[in-house]
Every structure is written in C-alpha cells, then in structure tokens.
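In my numbering, the protein residues as written are 533 to 904. Okay, structure first, notes after.
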C-alpha cells in the first residue's frame, strides 16, 4: 500500500529526518520495511531552514522511504506554498492513506489535504495535542477535534488517551500503540564504565533523570527530596540531563546537571544511576503521556521510580514500590530509599518499533482500508 506521512520535523528536541528519531520516523520507516511505499512530508517550524529531500535505504541498497522537508518560514509565511506543494505531490503519488499527527496543526492539515485529494486519513496522536501551547491559537483546538471526528482511524500513544479520544469521536476505529525504543540501543552497562564515559565520579549514590526539566513535569520535587535522601545516605547526588525550559536546576554540589546530552549518551546516563526517576504531574499532558524513557530505563535494568499518573501508573501497577504520589515528597523519599536499599528491577515485555508497525499495519488493513 502507498502511504503519505505528515508531521512536524522537530520533535522532542530531535530532527525527525536528520536524526532518524522516535515515533515520527520509526513507525513510517518500519512500514516501509514491511514492503509499503512511504513518502514523508515534514514541516520545519525553524524559519531559517531550507527545503530538503532525503531517502532511506535498507542494508541491501533498496529504497525504503522518501522524505520531503519544507520550511514554515517567518511567521509561517511558507505555509500556503507548503500546502500547495504537498497537495500537488500527494495527487501525483495517489496514496491509499494519509497518516498525520505531531500537533493540532498537522491534524488540521491532514484533514484538509485528505479532503482535497479524496484520500482516507488516519491521525496518530503521540500525546494529547490539546495540552500543547499551539492549541491556544484560536481555531486550533476546534480544528483538531473536527479532524479527529472525521478521521477514518486514530492511533493513540496510551490507553488513557484512547479512552479520552473515544469520548470525542464515538464509533471511530481507535488503536493504542505505545512509543518504544530501537532494539539494542538501550542495554545494561557496567555502572563504573557508564559513569566514566560521562565524566561522573566513580563513587556515590546517584539518582536522577533525563528529559524535560520543566516545572509542569514536577521535577522541582527532586530538588527538595535530595535533602531528605542525604539524611540516610549522605553520599547521594542528583544527576540530571535535558532541556531546562525556564526551570534550571539549582547550583549545588549535590546536583550534577549535564545539560542536553546527545541521545546516544542517554543509555550511559541511565546505567550510571542507582535509581532512575520519571516525574509527571496529573494534568492535560501527564494524564495521557507515555514517556518512552520508561522503556529506556527498563531496558537498562535500572531500578526505577515513576509518578503514579496516567499511563505510568498503569505500566507499573503491579509494582507499587516503583510508584510515588505526584507532589508528595514524603512518598517519593520513601520510595527512593526503598529502591536504593532493595534495588527492585522491573521486567516487562518491551515491544520493538517493528512490532508496533505490525500493529499499525494490521489496524490500517482491517479497520480502515477494508471499509474504504
């Protein structure tokens, strides 16, 4: 089958095309590996960017997919030309299905292009896009919801988002497909080697996390709990990596901020920790988000503690020692001490991107194309 994939180009501080990163790259690329003809269209919100065209190939030299990148321009001045280019190219390709996502704008664009080209479309919701800042632009939220209601099918990153979308679009085919990790990328390493590779001290107890450190994720609690943990284990340090987003960590000797690490170094960070932490708040984002770092940590066989919110609570439901009540510093302190002393390792099945593409393929064939 022929598929056109529509998304933004910059995602989770990575470039979908250049870095070949995450859900927005791996799902379409794995569909291509399964024999489908995939063309990607990426809108780059960076005004100074240039149009590019890239192709991906398998080890045998056969083309897997092709990707178009188009700059949005200053104040989205290139948006209309991009829509015209995309519509023209899609008419020429004549895909069986459009798959769009990544934010409210792309939900709207996917619906518009689908109507213009008379093509069924699927929306892939890797988060609750209504929690993004873009949704506050007049017309974005309502346009996004209209696109959901008119979609031939919808995929969601979590069961909780699945349930929410079912209320907005009762009767629409919906499938949950968690984001996951690339096979072999996150593996168990020796702690001393991981610490050495990041220039960290060899000795001491390290707790920490990687990813967004914004206040709305609840990371501020970590700066308080470290003082409590040190009363029991004075050699404890808090190690952090990721964009501060207006919430820089305090400058203290017991807090090590590594900045924004390359994705290739994140496995070393998790392996350097005695306890990995996943912070989240119960809000319009956290109630539906499925952080792929959960699978990253589990693959590294590192003790983990996560906020008991939405999909995280569902994932670790059978492991209460790994869950803390968001905002409850006493509970977080108790769980950290427990993991430092007992080192409980969670063993859960972790799907590959190939597995998730197979689920997506089956959903498309059985629930969408068979009815169009």
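Built from N, CA and C at the ideal position, the CB exists for glycine as well.
DSSP three-state call for residue i: helix, strand or coil?
i	result
residue 659	coil
residue 712	coil
residue 787	strand
residue 728	helix
residue 740	strand
residue 718	coil
residue 745	coil
residue 702	coil
residue 775	coil
residue 576	strand
residue 603	strand
residue 878	coil
residue 675	helix
residue 681	helix
residue 533	coil
residue 844	helix
residue 826	helix
residue 696	helix
residue 816	coil
residue 850	coil
residue 665	helix
Taking the CB atoms as reference points, tell me whether residue i and residue j lie closer together than 8 Å.
i	j	result
residue 723	residue 773	no
residue 908	residue 673	Since the first residue of the chain shown is 533 and the last is 904, residue 908 is not available in this structure.
residue 719	residue 809	no
residue 843	residue 659	no
residue 571	residue 625	yes
residue 688	residue 697	yes
residue 628	residue 664	no
residue 685	residue 654	yes
residue 563	residue 541	no
residue 905	residue 583	Since the first residue shown for the chain is 533 and the last is 904, residue 905 is missing from the structure and cannot be characterised.
residue 813	residue 652	no
residue 825	residue 743	yes
residue 882	residue 712	yes
residue 671	residue 539	no
residue 545	residue 588	no
residue 643	residue 694	no
residue 872	residue 758	no
residue 848	residue 707	no
Among the options, whose alpha-carbon lies nearest the alpha-carbon of residue i?
i	options	result
residue 863	730, 839 and 883	839
residue 915	821, 770 and 893	The chain is shown only over 533 to 904; residue 915 falls outside these bounds and no answer can be derived.
residue 893	538, 682, 552 and 569	569
residue 807	836, 649, 827 and 565	836
residue 900	704, 593, 623 and 543	704
residue 746	827, 818, 668 and 693	818
residue 621	607, 534 and 639	534
residue 767	787, 888 and 551	787
residue 536	591, 619 and 813	619
residue 577	734, 666 and 834	666
residue 604	596, 617, 593 and 749	617
residue 797	702, 730 and 640	730
residue 725	716, 735 and 717	735
residue 859	755, 595 and 714	755
residue 777	682, 764, 641 and 749	749
residue 656	559, 853 and 854	559
residue 785	792, 762, 830 and 793	762
residue 878	853, 668 and 884	853
residue 709	841, 861, 891 and 760	891
In terms of DSSP beta bridges, what is residue i paired with?
i	result
residue 839	856
residue 632	538 and 655
residue 834	Answer is none; residue 834 lacks a bridge partner.
residue 770	739 and 787
residue 598	571 and 587
residue 547	542
residue 808	740 and 836
residue 686	655 and 706
Considering just the uninterrupted stretch of the alpha helix (DSSP H) at residue i, what are its terminal residues?
i	result
residue 757	752-764
residue 803	798-804
residue 904	Looking at the DSSP string, residue 904 is not in any alpha helix (DSSP H), and its letter there is neither H nor E.
residue 891	885-895
residue 871	861-874
residue 555	554-565
residue 614	611-625
Along the chain, where does the beta strand (DSSP E) that runs through residue i open and close?
i	result
residue 587	584-589
Using a Cβ-Cβ cut-off of 8 Å, state whether residue i counts as contacting chain D.
i	result
residue 771	No chain D appears in the structure shown, which is made up of a single protein chain.
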